[in-house]
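Peer 1: Count the sequence shown with the numbering used here and you get residues 127 to 448, in order.
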Amino acid sequence: MTPPAAAPAVSTAQPEDFFQLLKPRVMSLVIFTAVTGLVVARGELGWLSSAIAILCVAVGAGAAGALNMALEGETDALMRRTRGRPVAAGRVSRNDAMTFGVVLSLFSVMLLGMATNWLAAGLLALTIVYYAGFYTLLLKRRTPQNIVIGGAAGAFPPVIGWAAATGTAPWQAWLLFLIIFLWTPPHSWALALYSAGDYAKAGIPMMPVARGAKSTRLQILLYSLVFVPVAIAPGLTGLGGLIYLAVAVAGGLGFLLMAVRLWRSRAGDQPDKAEAVGREAALYDVRAEAKPARNLFAFSILYLMALFAALLVESLTPTMSL
Numbered sequence: 127m128t129p130p131a132a133a134p135a136v137s138t139a140q141p142e143d144f145f146q147l148l149k150p151r152v153m154s155l156v157i158f159t160a161v162t163g164l165v166v167a168r169g170e171l172g173w174l175s176s177a178i179a180i181l182c183v184a185v186g187a188g189a190a191g192a193l194n195m196a197l198e199g200e201t202d203a204l205m206r207r208t209r210g211r212p213v214a215a216g217r218v219s220r221n222d223a224m225t226f227g228v229v230l231s232l233f234s235v236m237l238l239g240m241a242t243n244w245l246a247a248g249l250l251a252l253t254i255v256y257y258a259g260f261y262t263l264l265l266k267r268r269t270p271q272n273i274v275i276g277g278a279a280g281a282f283p284p285v286i287g288w289a290a291a292t293g294t295a296p297w298q299a300w301l302l303f304l305i306i307f308l309w310t311p312p313h314s315w316a317l318a319l320y321s322a323g324d325y326a327k328a329g330i331p332m333m334p335v336a337r338g339a340k341s342t343r344l345q346i347l348l349y350s351l352v353f354v355p356v357a358i359a360p361g362l363t364g365l366g367g368l369i370y371l372a373v374a375v376a377g378g379l380g381f382l383l384m385a386v387r388l389w390r391s392r393a394g395d396q397p398d399k400a401e402a403v404g405r406e407a408a409l410y411d412v413r414a415e416a417k418p419a420r421n422l423f424a425f426s427i428l429y430l431m432a433l434f435a436a437l438l439v440e441s442l443t444p445t446m447s448l
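(1) Can you tell me where the alpha helix (DSSP H) holding F303 begins and where it ends?
(2) Considering only their Cβ atoms, is the gap separating P311 from G277 smaller than 8 Å?
(3) Use the C-beta contact count for N272: other C-beta atoms within 10 angstroms, 16 or more gives buried, fewer gives exposed.
(4) Skipping 5 residues on each side, what residues in its chain have a beta carbon closer than 7 Å to that of I178?
(5) Closest by CA to F434, which one among R390, A359, Y325?
(6) So, for L348: in the same chain, excluding its five sequence neighbours on each side, which residues have a beta-carbon less than 6 Å away from its beta-carbon?
(7) Just how far apart, CA to CA, sit A393 and Y261?
(8) When you compare only the Cα positions, how much space is there between W173 and S234?
(9) Enumerate in chain order the residues of its own chain whose CB-to-CB distance from D395 is below 7 Å, with the five nearest sequence positions on each side excluded.
(10) Classify N221: buried if its beta carbon has 16 or more other beta carbons within 10 angstroms, exposed otherwise.
(11) Compute the beta-carbon to beta-carbon distance between R207 and Q146, rounded to the nearest angstrom, for a pair I have assumed lies under 8 Å.
(12) Taking just the CA atoms, how far does S321 sit from A336?
(13) When burial is assigned at 16 or more other CB atoms within 10 Å of the CB, is L317 buried or exposed?
(14) Helix, strand or coil for A340? Go by DSSP, reduced to three states.
(15) DSSP three-state call for V403: helix, strand or coil?
(16) In terms of residue numbering, what span does the alpha helix (DSSP H) encompassing E200 cover?
(17) Around the Cβ of V352, are there at least 16 other Cβ atoms within 10 angstroms (buried) or fewer (exposed)?
(18) Does DSSP put P141 in a helix, a strand or coil?
(19) Whose C-beta lies closer than 7 Å to the C-beta of D324 among residues of the same chain, with five residues either side of it excluded?
(20) Using the rule of at least 16 other Cβ atoms within 10 Å of the residue's Cβ for burial, across every protein chain shown, is I330 buried or exposed?
(21) Whose C-alpha, out of M195, T162, V185, A203, is nearest the C-alpha of A328?
(22) If we count the other Cβ atoms within 10 Å of its Cβ and call it buried at 16 or more, is L442 buried or exposed?
(23) Just to check, is the beta-carbon of R343 closer than 7 Å to a non-hydrogen atom of the ligand MG?
(24) Where do the N-terminal and C-terminal ends of the alpha helix (DSSP H) with K327 fall, by residue?
(25) Taking the beta carbon of R405 as the centre, do at least 16 other beta carbons fall within 10 Å, making it buried, or is it exposed?
(26) Using a threshold of 8 Å, state whether the C-beta atoms of G163 and W288 are closer than that.
(27) Just checking my contact of I275 with L263 at CB under 8 Å: how many whole Å lie between their CB atoms?
(28) Mind reading off the beta-carbon distance from P189 to I286? Whole number of angstroms is fine, and I expect it under 8 Å.
(29) In chain order, which alpha helix (DSSP H) runs of at least 4 residues are fully inside the segment 157-233?
(30) With the cut-off set at 8 Å, would you say G377 and Y429 are in Cβ contact?
(31) Who are the near neighbours of A407 in its chain, counting only those whose CB is closer than 6 Å to its CB and skipping five residues on each side?
(32) Once the 5 residues before and after A326 are set aside, which same chain residues still bring their CB inside 8 Å of it?
(33) When the distance is taken between beta carbons, is L197 closer than 8 Å to A290?
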């Protein structure tokens, strides 16, 4: 087991290291869903206040990411997928990352409250605390349901955007929340199926580690069967229009097809001794079997982005609505 990298006596951190603390790839999805919530809400927020609101959501998401990396530096160092992160690699100290995250958290919440309203600011504060505290410290290492319960943190941005625009959080905003909330388990467990070795090494009880690959594949299918109808619901309730309905149905059928293929596959299973003839053959088998999980993971991102893009397009071109 490779020990975590020790922080250097003299900081070697570069500006890009602090940028990486913000988890920019995650932040991009957060920004997109928050923008959608803000636009779909059709509030009367001016363009400057709207831009500030989205900036605050982005900074708040980045702050949560920095706090997560500060708290998980030692764990990240044990996993191939995360050992290059700034804290895990020793380029940024844990204290510096923690300070960076706290300062950005306070800045984003206070500015959002002053620029828009305190409901939006409170939801942003809740999101940061939920992800960095409740999920990272309490859930992630204690239960295989970590990503199910913790997934709420990633589902708040459209609600925050909606609240920033109108000062309210109606059921339509929470429907967008529910879409992301139900999307998170199949998306994250698909990744976990082909990263189970890393999670086991780090002592994180992700579903494939705690319950096995077969159970995980079944749960992905069951969650997908619930998620897709909910994803279609905005097209049937007036929140989305014809474009959204077409995207949701077509993409949902593709999502379910991939979930079924994954359920029927052996993704995440370890090859038995008869199959593992030589190290290279065993590696090839594992990678080949992981393909359905990789496909679902990649498609799930595209599907979620397509859903919110359709809502955004329809909101900007109202004549396309039902």
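Every residue gets a Cβ at the ideal spot worked out from N, C-alpha and C, and that includes glycine.
Peer 2: On the basis of the coordinates in this document:
(1) Stepping through the sequence shown from its first residue, residue 303 is reached at position 177. Note, F303: alpha helix (DSSP H), 297-319.
(2) Residue numbering aside, residue 277 sits at position 151 when the sequence shown is read from its first letter. Residue numbering aside, residue 311 sits at position 185 when the sequence shown is read from its first letter. Contact: yes.
(3) Position 146 of the sequence shown holds residue 272. N272 should be labelled buried.
(4) Position 52 of the sequence shown, counting from 1, holds the residue named residue 178. Same-chain partners within the cutoff: L237, A241.
(5) Reading the sequence shown from its first residue, position 308 is the one you call residue 434. Nearest of R390, A359, Y325 to F434, Cα basis: A359.
(6) Taking the first residue of the sequence shown as 1, we reach residue 348 at position 222. Closer than 6 Å at Cβ, skipping near neighbours: no residue.
(7) Along the sequence shown, read from residue 1 onward, the residue named residue 393 stands at position 267. Along the sequence shown, read from residue 1 onward, the residue named residue 261 stands at position 135. Going by the C-alpha atoms only, they are around 26 Å apart.
(8) Position 47 of the sequence shown, counted from the first residue, corresponds to residue 173. Position 108 of the sequence shown, counted from the first residue, corresponds to residue 234. Their backbone Cα atoms lie some 18 Å apart in a straight line.
(9) Stepping through the sequence shown from its first residue, residue 395 is reached at position 269. So the list reads A339, E415, once near-sequence residues are dropped.
(10) The residue you call residue 221 lines up with position 95 of the sequence shown. So N221 ends up on the exposed side.
(11) The count along the sequence shown starts at 1 and reaches residue 207 at position 81. The count along the sequence shown starts at 1 and reaches residue 146 at position 20. Not quite, the Cβ-Cβ distance comes to about 14 Å (not below 8 Å), so this is no contact.
(12) The residue labelled residue 336 in the question sits at position 210 within the sequence shown. The residue labelled residue 321 in the question sits at position 195 within the sequence shown. Computed Cα separation, rounded: 13 Å.
(13) One-based indexing of the sequence shown puts residue 317 at position 191. Under this definition L317 is a buried residue.
(14) The residue you call residue 340 lines up with position 214 of the sequence shown. One point to set straight first is that residue 340 is Lys, not Ala, in the sequence displayed. Note: K340 maps to helix in three-state DSSP.
(15) Against the sequence shown, residue 403 aligns to sequence position 277. Model confidence at V403 stands at a pLDDT of 46, short of 50, so the residue's coordinates are unreliable and nothing is read from them.
(16) Stepping through the sequence shown from its first residue, residue 200 is reached at position 74. Taken as a continuous stretch (DSSP letters only), the alpha helix (DSSP H) holding E200 covers 199-202.
(17) In the sequence shown, residue 352 corresponds to position 226, counting from 1. Label assigned to V352: exposed.
(18) Residue mapping note: residue 141 aligns to position 15 of the sequence shown, counting from 1. Looking at P141 - three-state DSSP - the assignment turns out to be helix.
(19) Here residue 324 is taken as the residue at index 198 of the sequence shown, counted from 1. Closer than 7 Å at Cβ, skipping near neighbours: M205, R206, R207.
(20) In the sequence shown, the residue the question calls residue 330 occupies position 204. That one is buried.
(21) As a first step, residue 328 must be located in the sequence shown, where it is residue number 202. Measuring from the Cα of A328, the nearest candidate turns out to be A203.
(22) For this step, residue 442 is matched to residue 316 along the sequence shown. By the 10 Å Cβ count, L442 comes out exposed.
(23) Questions concerning the ligand MG fall outside what the structure shown contains, since it holds no ligand whatsoever.
(24) Walking along the sequence shown from the start, residue 327 turns up at place 201. Start and end: 322-328.
(25) As a position in the sequence shown, residue 405 is number 279, starting the count at 1. Reliability fails at R405, whose pLDDT of 47 lies under 50, so the model's placement of it is uncertain and the value that follows must be treated cautiously. Exposed.
(26) Counted from its first residue, the sequence shown places residue 163 at position 37. Counted from its first residue, the sequence shown places residue 288 at position 162. Yes, these two residues count as a Cβ contact at 8 Å.
(27) Here residue 275 refers to the residue found at position 149 when the sequence shown is read from its first residue. Here residue 263 refers to the residue found at position 137 when the sequence shown is read from its first residue. With 8 Å as the limit, I275 and L263 do not qualify as a contact, their Cβ atoms being about 13 Å apart.
(28) Locating residue 189 in the sequence shown gives position 63, where the first residue counts as 1. Locating residue 286 in the sequence shown gives position 160, where the first residue counts as 1. Correcting the residue type first, residue 189 is Ala in the shown sequence and not Pro. A189 to I286, Cβ: 14 Å. No contact.
(29) 173-197, 199-202
(30) The sequence position of residue 377 within the sequence shown is 251, counting from 1. The sequence position of residue 429 within the sequence shown is 303, counting from 1. Yes.
(31) Translated into positions along the sequence shown, residue 407 becomes position 281. Confidence at A407 is low in this model, with a pLDDT of 42, below 50, so its placement is unreliable and the value that follows should be read with caution. Around A407: no qualifying Cβ.
(32) As a position in the sequence shown, residue 326 is number 200, starting the count at 1. The answer, listed in chain order, is V335.
(33) Within the sequence shown, numbered from 1, the residue matching residue 290 stands at position 164. Within the sequence shown, numbered from 1, the residue matching residue 197 stands at position 71. No; because the gap between Cβ atoms is not below 8 Å, this pair is not in contact.
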